[in-house]
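Protein sequence lines correspond, in order, to chains D and B. The first sequence: position 184 = 183 (numbering that gives the first Met the number 0), numbered continuously. The second sequence: position 265 = 264 (numbering that gives the first Met the number 0), numbered continuously. Where is the CB? At the ideal position from N, CA and C, for every residue including glycine.
There are 2 protein chains.
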Amino acid sequence: MDPLLEILFRPVDGGVTAPRGFRAGAVAAGLKKGGRADVAVLAAETAVPAAAVFTTNLVAAAPVVVSREHIAAGRCRAVAVNAGNANACTGAQGLVDARAMASATARALGCAPGEVIVSSTGVIGVPLPVALVTSGIEAAATALSADGGSSAAEAIMTTDTFAKEIAVTLELGGRTYTVGGMAKGSGMIQPNMATMLAFVTTDAPLTPEACDAVLRAAVDRTFNRISIDSDTSTNDMCLLMASGAAGGEPIGASGPAFEAIAAAVHHVCGELARLIVRDGEGASKFIEVVVRGAESEADATRAAFAIANSPLFKTAVFGGDANWGRVAMAVGKSGARVDPDRLEIVFAGIPTCVNGTALLFDEQAAAAALAQRDIVVLVDLHLGAGTSTVWTCDLTYDYVRINGDYRS
Amino acid sequence: MDPLLEILFRPVDGGVTAPRGFRAGAVAAGLKKGGRADVAVLAAETAVPAAAVFTTNLVAAAPVVVSREHIAAGRCRAVAVNAGNANACTGAQGLVDARAMASATARALGCAPGEVIVSSTGVIGVPLPVALVTSGIEAAATALSADGGSSAAEAIMTTDTFAKEIAVTLELGGRTYTVGGMAKGSGMIQPNMATMLAFVTTDAPLTPEACDAVLRAAVDRTFNRISIDSDTSTNDMCLLMASGAAGGEPIGASGPAFEAIAAAVHHVCGELARLIVRDGEGASKFIEVVVRGAESEADATRAAFAIANSPLFKTAVFGGDANWGRVAMAVGKSGARVDPDRLEIVFAGIPTCVNGTALLFDEQAAAAALAQRDIVVLVDLHLGAGTSTVWTCDLTYDYVRINGDYRS
């Protein structure tokens, strides 16, 4: 994406309902404690062009299996989401329950079940309390509102400490298009794995093919470039729906209008992805790992993830230690082509290593730089033009506490 | 390895100097604080058949680079080790210093520098205090003793909480052969990456080819099947030296004598590898992950490592939680072929999942099982005959503390 495009985006309120043609509703169906909202429905006026990407985990949750079938048509009327139960490792009954969620939504909206995407997040291996969820869906579908985006963003949270939503507008050929999004990050009702869900809407008249192209390109460099703890959920899902309510000619999978909308979707996905990292379990630091000079983008990504997922690197950042030796170690084990004698590492703005050899640096200045909330670690392999950025957080006592607590 | 062979092994004292034809010496050269021994020399009477495997990290330390050259001849007279400084990311001077270690050892023993393996462990990116190290080598070479194994095992420790050594004998064709070994595990002088070093000796008359075959087979299923925190050091090294001092015909790379010695070396490497895991940084639990029913051994190993390296799994074990959903998640993301509907998981002896679906289990019994120091997690993929075992430890507050502490 051309970064200059970003200056064309104007932030607006409303999240997923900021684009015209979308309404959302949320209710407390009784899955979360304390009467908090836990079921949300996001709906367009008709079945609109849509695309989705799903977890690559082979142990995929039932809603992922069902939604993969439903999105194949390239259109979707609505998505129904519950928090508090992942409906994963639930066998044949799990599939029955996921289909019941789609049917309940379809009945409430007057559409076909195959036009509904379903999504669940929460504890694994516990049967879905499907009666609670379908009652919740009916209530949420009744409560649909053109300013319901924020309440939906809250309903899909588990132990996220804040709701994650964003929307931007852009002017294009005399029209104003809007892209909105919401996401949830790493958290749990009971200690269980992080689950990433993201829903992006636009009123641009994208074709189904354009939706798919836009979404895959954006996810590849945003949600697929973050890591809290290297674990891949059974429930991950990112959905894009394009209502076309802003009007104009259909936008296919190429051309200037496509590029502009793609940039806006990329921007929205990137912001949501970074919000997920900022709210990572136990995180005290937000870390941007930039690898450049790699032989390819794939190599740069490999090296960046090796750093971002190294427990030794993550604990060093937590400890405020510019321990660049651990960065060198991670790059060396990553599988990327590396010439140790060309390695350059700039740790939180402090040059620590050139040509694979230590530089003397002011430890006090390093400690001050590492006291910041946001840390950038830059690695230059000096081998080629491959570049990649990955976002992660530190590994803290709180991460161990949150995930080591007993489920009860 | 045929497990029945293990009953033929008799444990003996003496570690690496238990086999005839080896002497070791250790001194405090001033690299560690508090006057603790930090330089060791292990020597045979002449250059004997030997083999070594080294870290696959492309950012390899200087002693790894030099030792790779020297072991190519298939023979080695001695190994010189220092703890307290890894001589990694030290550029051209690091290579000069590593060669100086070999030369000092060669001078003291009256052999060629190319017959000496050198090895370092400790902080990365700090120039080796080479004068201290070579003086230490000279003193250690003067102090060589046939019962110096234990002092060498202590000298190579960094923050290991106990020295790791073992030796066993076996009777073969009327002769007694001995295999001994020592290793160091995850620790540091100053917070830095774990470094695994292991040295194995035998008085069996292995040829260089047999040494190589024996060592690679043993390491592949012992040291290469452990993980403390998924990070691969720049300095890892495992060396096997065969003095032949027990006499008998040379033992080549096949036949019953080869198999018996190979089993003994496998046993010694396995015990050392498991001792490293027991002494993992911050570890409170020793975890054996067994995956069976995989399509291949490679797939089984992939799945086992995905479990062993999952921070969510490791924190769950720390918290005493039979959170089998995280095991299912890890298997699903591992890259191994998995049919979710066949997945079976037995967590600390408690059946928790069959056919990919939750079993009801007694949470109190599970809590009691997980209170044990040693935990076995068994996964059956029910797809084939591939089996693999990986050993790991839990992820604890102490891991974060040890690695988050500032280096100073």
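Across the set Gly34(B), Ile123(B), Ala28(B) and Trp323(B), the C-alpha of Ile123(B) shows the shortest separation from the C-alpha of Asn234(B). Val115(B) is not a Cβ neighbour of Ala130(B), given a cutoff of 7 Å. For Thr314(D), the secondary structure class from DSSP, reduced to helix, strand or coil, is helix.
Between Asp393(B) and Val316(B), the gap from beta carbon to beta carbon is short of 7 Å. Counting only the Cα atoms, Thr120(D) lies some 53 Å from Ala91(B). Residue-level contact by beta carbon fails for Thr300(B) and chain D, as no gap is shorter than 7 Å.
Contact between Ser387(B) and Thr300(B) holds: their C-beta atoms lie close to 4 Å from each other, under 8 Å.
Fully enclosed beta strand (DSSP E) runs of no fewer than 3 residues occupy 285–293 of the region 263–314 of chain D, in order along the chain.
Rounded to the nearest angstrom, the Cβ distance from Val289(D) to Leu171(D) is 31 Å, too far for a contact under 8 Å.
Short of 7 Å from the beta carbon of Arg22(B), and not among the five residues preceding or following it, lie these beta carbons of its own chain, in chain order: Thr16, Ala42, Leu143, Ser144, Ala145 and Gly147. Counting the other Cβ atoms within 10 Å of the Cβ of Asp340(D) gives fewer than 16, which makes it exposed. In the DSSP assignment, Arg174(B) forms a beta bridge with Leu171(B). Below the 7 Å Cβ cutoff, chain B contributes no neighbours of Thr221(D), its closest Cβ being approximately 19 Å away. Under the three-pair Cβ rule at 8 Å, the region 307–314 of chain B does not count as touching the region 54–64 of chain D. Taking C-beta separations shorter than 7 Å and ignoring five residues to either side along the sequence, the partners of Cys352(B) in its chain run Trp323, Ala327, Leu342, Glu343, Ile344 and Leu358, following chain order.
Per DSSP, the beta bridge partners of Pro350(B) are Val345(B). Within the DSSP bridge table, the entry for Leu41(B) names Ala23(B) and Val78(B) as partners. Contact annotation: Ala256(D) and Ile250(D) have beta-carbon atoms nearer than 7 Å.
Per DSSP, reduced to three states, the secondary structure at Arg98(D) is helical.
Around the beta-carbon of Thr55(B), fewer than 16 other beta-carbon atoms lie within 10 Å, marking it exposed.
Nearest C-alpha to Ala217(D) among Ala282(D), Val199(D) and Glu280(D): Val199(D).
The criterion of a C-beta distance shorter than 7 Å is not satisfied by Val95(D) and Val178(D). Each of Phe285(D), Val132(D), Gly243(D) and Ala293(D) was checked against the Cα of Asn84(D), and the nearest Cα belongs to Val132(D). Proximity of Gly269(D) to chain B, defined by a Cβ-Cβ separation below 7 Å, is not satisfied. Between the alpha carbons of Arg336(B) and Gln371(D) lies a distance of about 43 Å. Per the coordinates, the alpha-carbon of Ala368(D) lies some 36 Å from the alpha-carbon of Val38(B). Rounded to whole angstroms, the Cβ separation of Val389(D) and Arg224(D) is 5 Å, and the two are in contact under 8 Å. Residue-level contact by beta carbon holds for Cys88(D) and chain B, with a gap shorter than 7 Å. In chain order, Leu57 and Val58 make up the part of chain D whose C-beta sits under 7 Å from the C-beta of Val337(B). Against Asn402(D), the close residues of chain B are Pro310, Leu311, Thr314, Ala315 and Gly318, in the order they occur along the chain (beta-carbon pairs closer than 8 Å).
Under the three-state reduction of DSSP, Val218(B) is assigned to helix. Residue contact check for Gly281(D) against chain B: no CB pair falls below 7 Å.
With its beta carbon less than 7 Å from one in chain D, Tyr396(B) belongs to the interface. When rounded, the separation of the alpha-carbon atoms in Ala262(D) and Pro18(D) is 16 Å. DSSP places Leu143(B) outside any alpha helix (DSSP H), giving it a letter other than H or E. With 16 or more other Cβ atoms from the protein chains shown falling within 10 Å of its own Cβ, Phe304(D) counts as buried.
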